[in-house]
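Encoded as structure tokens, the structure appears first; notes follow it.
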Amino acid sequence: MRVDQLPFAFIDLTRQRSETILFDEGVRRRLLGGRALNMHLLLELTKGGGDPLDPDKPLLIGPGFLTGLKGPSTARCQISGHSPETGLLGDSSIGGQFGAALKQSHFAGLAVMGRADKPIYLVVEEGRIHFRDASDLWGMDSIETDEELRKRHGRTSQVICIGPAGERLIRFAAIRSGAKSAAGRTGMGCLMGSKNLKAVVAFKNKVLQPARPEEFNDFSRKLQSRLLEEGVTIKELSKYGTPFLYDVVYQAARIGRVDNGLKTLFSENENVFPKSLLQEFFTPKRGACFSCPIACRHYFKVTEGPYAGAAGEGPEFGQMAKFGPECGLRRWEPILYLTERLNRWGMDSATTASLVAWVIELQEKGILKPSDTNGLTLTWGDEKGVIKLVEAMYNREGIGDILAEGARIAAEKFPPEASRYLSWVKYLPQSDTADLRFFKGFALGIAISTRGADHLRSRPIYEPMSYPAEKMQELYGGYVSPKYTSYKGKGRQVWFSEAVCSIYDTLGICKLIFLSLLKPYVLEFKEFAQLTSLAAGWEVDEAEIKDVASRCLTMERIFLAREGIRRKHDSLPDRFFIPLEKEDRREVLKKDEFNRMLDEYYLLHGWDQKTGIPLPETMSRLGLDPKECEHLL
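The sequence shown maps to residues 449 to 1081 in the numbering used here.
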């Protein structure tokens, strides 16, 4: 089966019916797959407003255009919908093996509509959709579900599923695959649970072919070699997994958030370091996502103490830093215990830890009292208190029931001043643990992110590298200051970086690996174009790929505009515009300079300066309907 000739399945869970559509070549070239195609379908299948959990709202499962081919780390699958967590754009990426299996089961993606009258799961095989009873799976955790379904359907089967958090409609529930892979952000597991859909099974047993196999394979091998030649970062990633970033963020740059961002020094740390993770808790076992040579997936086990027996795959740097410095936990053992629990339950670690840190600070400031928090008196580093609060969220008990509704709804139920102490954008808590006062482009990237406060939507990774101005000009096609404290040109830097990230998500390539390198852009638009041309048999140039990126981002802005998002929402919490409370470091963001960055960013996109809504001429240039936005301007 050719990668450019796969149909998309539209599935009605209510009636247990499905139909397939092969989009014409024009549509496929304009959107390719993954994130861009999902965004097109999300606009087509929703009208704006309404309850995200309405059965008519779609759950979109879209592997990247290159996912399933033996390309450069081509494993990613995009899962999208109307976010139950934020009420805005829902979109998350998952690695592992499932995306490749779905493509090799002869589908470009799935649009899941309706709601089953009882728990079901889907079996997707050789271009057919089968509906299966999942009543006996309901209540199983995500790893138990994965193991049971792979036992039923054989060694070539791959699974995405929800755990009990998705069944309980916890609004930041994740969709899981295997021991670690997760579409964690924006609550896609809650959306899946609302449809009574427990799992989807696909099969990795058919070879997916590029149009020009020899040339595609040769070019992919060259790119993989360039990746492995990079050196330091790849070796660290392979050795430690993403926790290697702790030494970069907290030790070298000293820009990590500690105690919900009240400071950046984590002097209380006992053993939450990459080296202690490797020496004390990692097992010899390692794994890799589909078509990836790095194998950054490690396995851990706690063998002693009250958390003995906690084991699993991971952890990610986010779990390490969010529960470690941000919540004040000083030892690996409780962090690894929470990692296993959240993975099994299917809860997004970033939002869970953000809510815990928020509640601790609210108690510290007297805004919440023990009577408000299930009798808990929470302090930074309180292992038992943190675990009890997380368990209360999972069990929907007391304050945990409020927090399980996500930050947007919790902020409405807490005292009015409580929301000041959240680090969030567009109702999504910040996913990374960087203090946004220091790197100005990074701060803008978090503010404009279309799914909320998330570092993986732009990731201007070369901002702190101190490249000369000429190199920055070459990279970004215009002036970008080489100083990370400067605001000049940072709108351009974010505009460019955001486009690159959207293409990674659209093609299905792992952005973590390629955007963690010290060498700038091992993959650039010319490589994206060549990979696409060889995979599909089309003649695609850099300009066409750049248009796909612009189209994807503009469609996301249209979705947000329908939901009432305007320029004022492309900003950051007020606390980042004042100095740190507990340190002498006086770096802050300046609102006038921040707004000038935002002006530059909008100008480059062709979006209205006052509202951030795409202009009619931009819509026309990208082949989108100008009427979508004219009435919103």
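The beta carbon of each residue, even a glycine, is placed where N, CA and C say it ideally should be.
- In this chain, His601 is not harboured by any beta strand (DSSP E); it is covered by the alpha helix (DSSP H) spanning Ser590 to His601.
- In the DSSP annotation of this structure, the continuous segment of the alpha helix (DSSP H) that includes Met920 starts and ends at Ala917 to Tyr924.
- In the three-state reduction of the DSSP assignment, Trp780 falls in the helix class, which pools H, G and I.
- Residue burial annotation: Glu975 is buried, with at least 16 other C-beta atoms found within 10 angstroms of its C-beta.
- By the neighbour-count definition (other C-beta atoms within 10 Å, threshold 16), Gln699 is an exposed residue.
- Rounded to whole angstroms, the Cβ separation of Leu876 and Ala859 is 12 Å, and the two are not in contact under 8 Å.
- Looking at the backbone, the Cα of Arg789 and that of Gly611 are separated by about 11 Å.
- Taking C-alpha positions only, Arg1044 is separated from Gly939 by approximately 8 Å.
- In chain order, Phe748, Lys749, Val750, Trp780 and Leu784 place their CB closer than 7 Å to the CB of Phe729, counting only its own chain and leaving out the 5 sequence neighbours on each side.
- Secondary structure at Glu467: strand, using DSSP grouped into helix, strand and coil.
- The stretch 897-916 makes no contact with the stretch 839-851, as fewer than three CB pairs between them are under 8 Å.
- By DSSP's assignment, Phe748 forms a beta bridge with Phe730 and Gly760.
- Counting C-beta pairs closer than 8 Å gives fewer than three between the stretch 756-764 and the stretch 638-645, which falls short of the contact rule.
- Taking C-beta separations shorter than 6 Å and ignoring five residues to either side along the sequence, the partners of Asn791 in its chain run Gly760, following chain order.
- Along the stretch 605-689, the alpha helix (DSSP H) occurs as fully enclosed runs of 4 or more residues at 612-615, 636-642, 661-677 and 680-688, listed in sequence order.
- Taken through DSSP and simplified to helix, strand or coil, Cys740 comes out as coil.
- Assignment of Tyr932 by DSSP, reduced to helix, strand and coil, places it in the coil class.
- Scanning its chain for C-beta atoms nearer than 6 Å, with the 5 sequence neighbours on each side dropped, one finds around Lys733 the residues Tyr747, in chain order.
- The alpha helix (DSSP H) runs of length 4 or more contained entirely in the stretch 1018-1043 do not exist; there are none.
- Positions of the alpha helix (DSSP H) runs, each at least 4 residues long and wholly inside the stretch 826-912, are given as 831-843, 847-851, 854-861 and 888-896 in order along the chain.
- Only residues of its own chain outside the window of five on either side were considered, and among them Arg477 and Ala977 have a CB closer than 8 Å to the CB of Glu992, listed in chain order.
- Inclusion of Pro658 and Leu1072 in the CB contact set at 8 Å is not warranted, their separation being larger than that value.
- When C-alpha distances from Phe714 are compared across Arg619, Met768, Cys737 and Phe458, the shortest belongs to Met768.
- Closest in C-alpha terms to Leu536, from the list Ser1019, Glu1065 and Lys874, comes Lys874.
- Our two residues, Met636 and His530, have alpha carbons roughly 8 Å apart in a direct line.
- By DSSP's assignment, Leu558 forms a beta bridge with Ala457 and Ile509.
- Non-local beta-carbon contacts of Val970 in its own chain, meaning distances under 8 Å to residues more than five positions away in sequence, involve Leu671, Arg674, Leu675, Glu678 and Phe962 in chain order.
- In the same chain as Pro741, and ignoring 5 residues on each side of it, the C-beta atoms closer than 7 Å to its own belong to Gln672 and Leu676, in chain order.
- Here the C-alpha atom of Val928 lies approximately 22 Å from the C-alpha atom of Asp902.
- Each residue's CA atom was taken as its position, placing Leu904 and Glu987 some 29 Å apart.
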